[in-house]
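*Asks:* Submitted below is the structure of interest, expressed as structure tokens.
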Amino acid sequence: MPKKVLIDTDPGGDDIYSLFWLQSLMRQEVVELLAIATTEGNVSARNTFNAACQVLRLGEIDTVAVGRGVDVPDKYLTNASHIHGDDGMGNLSQTLPPGRRRFHESLVSDDLIIRVLKAHPYEVTLVAIAPLSNLAAAEEKEPGILRLAKEVVIMGGAFNSPGNITPVAEFNMAFNPKAAQRVFASREDLVILPLDVTRQLVFTPEMLRQVTGLEPKNQLAQFMADLAKFLMTTTLQYRETGGQLGFLVHDAVAVAYLVYPELFKFARALVSIETEGRLTNGQTLCDRRHGVKTGVNAWVAEEVDAQNLLACLVEDLHYLVERTTSYTSY
Ligand code: BDR
Ligand code: CA
Numbered sequence: 333m334p335k336k337v338l339i340d341t342d343p344g345g346d347d348i349y350s351l352f353w354l355q356s357l358m359r360q361e362v363v364e365l366l367a368i369a370t371t372e373g374n375v376s377a378r379n380t381f382n383a384a385c386q387v388l389r390l391g392e393i394d395t396v397a398v399g400r401g402v403d404v405p406d407k408y409l410t411n412a413s414h415i416h417g418d419d420g421m422g423n424l425s426q427t428l429p430p431g432r433r434r435f436h437e438s439l440v441s442d443d444l445i446i447r448v449l450k451a452h453p454y455e456v457t458l459v460a461i462a463p464l465s466n467l468a469a470a471e472e473k474e475p476g477i478l479r480l481a482k483e484v485v486i487m488g489g490a491f492n493s494p495g496n497i498t499p500v501a502e503f504n505m506a507f508n509p510k511a512a513q514r515v516f517a518s519r520e521d522l523v524i525l526p527l528d529v530t531r532q533l534v535f536t537p538e539m540l541r542q543v544t545g546l547e548p549k550n551q552l553a554q555f556m557a558d559l560a561k562f563l564m565t566t567t568l569q570y571r572e573t574g575g576q577l578g579f580l581v582h583d584a585v586a587v588a589y590l591v592y593p594e595l596f597k598f599a600r601a602l603v604s605i606e607t608e609g610r611l612t613n614g615q616t617l618c619d620r621r622h623g624v625k626t627g628v629n630a631w632v633a634e635e636v637d638a639q640n641l642l643a644c645l646v647e648d649l650h651y652l653v654e655r656t657t658s659y660t661s662y
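Numbers 333 to 662, taken from my numbering, label the letters of the sequence shown in order.
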């Protein structure tokens, strides 16, 4: 039986690679992607929605529902367009066919999450690779709704690694720390995939070549190549890979966990989010003291087999590229 998945995302380059990975897994019939909830984060709510729709069209899987995010009024950060481009797509959206859905006609993402979880109680893995605004809003509207998910998997946080947006905080947690706090209080078994592991996931030019071939033959492959080049440039600029040419596919970690869980080692943990610190908002804290802990809420990934994760990503992306027919005209 394919695994039922609902993804919450803010595309974003690494989100886009993750959405392509999911589309490959759908074609391989190991995942059933029920819906994509988009949210403000890397770029505005409207741009993340448009990006998700264009990505679905490029992968030629256009049957999935897409929810729209709402502006987050009290966000702690500005967006990450300096890394991902103003449109979240490396400024390439104008070169691609438009998505097939309209922003204002689409369901708001928190309602979409509620609807999907109610329609498939205890069957859906909810994967969040973005600030947790939609999940928190869904929980606020329908307290307990996140418990209806089979599992909630979150890319976010930093424990033994510095932050990537402040000295101590990771972007998805720091963008809307109060939302994160609400979600961390929602279950006892959240799966957390933090920067400590995702910083090891450098997608290199050689991997890109394996995915697309030397001369990309279709629009999907061409877009992957152009987006990767854009991200490799901004990644070097912001010194995210210690000078190595490549970009970090943070969010792909969550897709990997869905179908290749053997790649990870986890620690059971009590994780809290700082929401009031002047310098530390969005910091994730894990209580490692040897004292009684009654409120554990998470499994935190401490180790990843990065080499094999990236090999799986490359193979699965190549699978999608090989089966996509649209020919490029640009
Ligand atoms: C996270 O922040 C975003 O910029 C990425 O898409 C990823 O979800 C990494 O900290
Ligand atoms: Ca993201």
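Ideal Cβ positions, reconstructed from N, Cα and C, are used throughout, including at glycine.
Let's see if you can read the secondary structure: which residues bound the beta strand (DSSP E) around A462?
*Replies:* Looking at the DSSP string, A462 is not in any beta strand (DSSP E), and its letter there is neither H nor E.
*Asks:* Kindly list the residues whose CB is nearer than 6 Å to the CB of E634, restricted to its own chain and excluding five residues on each side of it in sequence; keep chain order.
*Replies:* So the list reads K597, A599, once near-sequence residues are dropped.
*Asks:* How is the alpha helix (DSSP H) around M556 delimited, first residue to last?
*Replies:* Its alpha helix (DSSP H) spans residues 551-569.
*Asks:* Report the option in C385, R434, P463, G399 whose CA atom is closest to the CA atom of D663.
*Replies:* The question about residue 663 has no answer, for the chain in this structure spans 333 to 662.
*Asks:* According to DSSP, is A384 part of a helix, a strand, or is it coil?
*Replies:* helix
*Asks:* Just list the beta strand (DSSP E) runs in the stretch 348-377, keeping only unbroken ones of 3 residues or longer that don't cross its boundaries, in chain order.
*Replies:* 363-370
*Asks:* Compare the beta carbon distance of V585 and L641 with 9 Å and say whether it is the shorter of the two.
*Replies:* yes
*Asks:* Quick one: grab the DSSP three-state call for I446.
*Replies:* helix
*Asks:* Any chance the CB of A462 is under 8 Å from a heavy atom of ligand 3?
*Replies:* This structure lacks ligand 3; its bound ligands are ligand 1 and ligand 2.
*Asks:* Here's the rule: buried if 16 or more other CB atoms are within 10 angstroms of the residue's CB, otherwise exposed. What is V534?
*Replies:* V534 should be labelled buried.
*Asks:* Would you please state the rounded distance, in angstroms, between the beta carbons of D346 and V581? I believe it to be under 8 Å.
*Replies:* 5 Å
*Asks:* Write down the C-beta distance between A369 and S425 rounded to the nearest angstrom, noting that I regard them as a contact closer than 8 Å.
*Replies:* No, A369 and S425 are not in contact; Cβ-Cβ is about 20 Å, not under 8 Å.
*Asks:* Look at the alpha carbon of R655 and the alpha carbon of D394, and state the distance between them as a whole number of angstroms.
*Replies:* 15 Å
*Asks:* Using a 10 Å radius around the Cβ and a threshold of 16 neighbouring Cβ atoms, would you call V448 buried or exposed?
*Replies:* buried
*Asks:* Taking its Cβ as the centre, do 16 or more other Cβ atoms sit within 10 Å of K625, making it buried, or is it exposed?
*Replies:* Counting Cβ neighbours within 10 Å, K625 comes out exposed, since fewer than 16 surround it.
*Asks:* With L652 and G391 assumed to form a contact (beta carbons below 8 Å), what rounded beta-carbon distance in angstroms separates them?
*Replies:* 6 Å
*Asks:* Could you say if the stretch 534-543 and the stretch 485-500 meet the contact criterion of at least three C-beta pairs nearer than 8 Å?
*Replies:* no
*Asks:* Assign G431 to buried or exposed, taking buried as 16 or more other Cβ atoms, counted over all protein chains shown, within 10 Å of its Cβ.
*Replies:* Answer is buried; the Cβ neighbour count reaches 16.
*Asks:* How many whole angstroms separate the CB atoms of D403 and A377, which I take to be in contact at a CB cut-off of 8 Å?
*Replies:* With a Cβ gap of about 6 Å, D403 and A377 count as contacting.
*Asks:* Excluding the 5 residues flanking N613 on each side, which residues of the same chain have their C-beta closer than 7 Å to its C-beta?
*Replies:* Y408, A501, A506, P509, E606, T607
*Asks:* Identify every residue that forms a DSSP beta bridge with L617.
*Replies:* S604
*Asks:* Please confirm whether any heavy atom of ligand 2 lies closer than 8 Å to the CB of P343.
*Replies:* True, at least one ligand heavy atom lies under 8 Å from that Cβ.
*Asks:* For K335, report the span of its alpha helix (DSSP H) as first-last.
*Replies:* Taken as a continuous stretch (DSSP letters only), K335 belongs to no alpha helix (DSSP H), being part of the beta strand (DSSP E) at 335-341.
*Asks:* Would you say the beta carbon of E280 comes nearer than 8 Å to a heavy atom of ligand 1?
*Replies:* The chain is shown only over 333 to 662; residue 280 falls outside these bounds and no answer can be derived.
*Asks:* Buried or exposed: where does Q355 fall if 16 or more other Cβ atoms within 10 Å of its Cβ makes it buried?
*Replies:* By the neighbour-count definition (other C-beta atoms within 10 Å, threshold 16), Q355 is a buried residue.
*Asks:* Go ahead and label P334 buried or exposed: buried means 16 or more other beta carbons lie within 10 angstroms of its beta carbon, across all protein chains shown.
*Replies:* Flag for P334 reads exposed.
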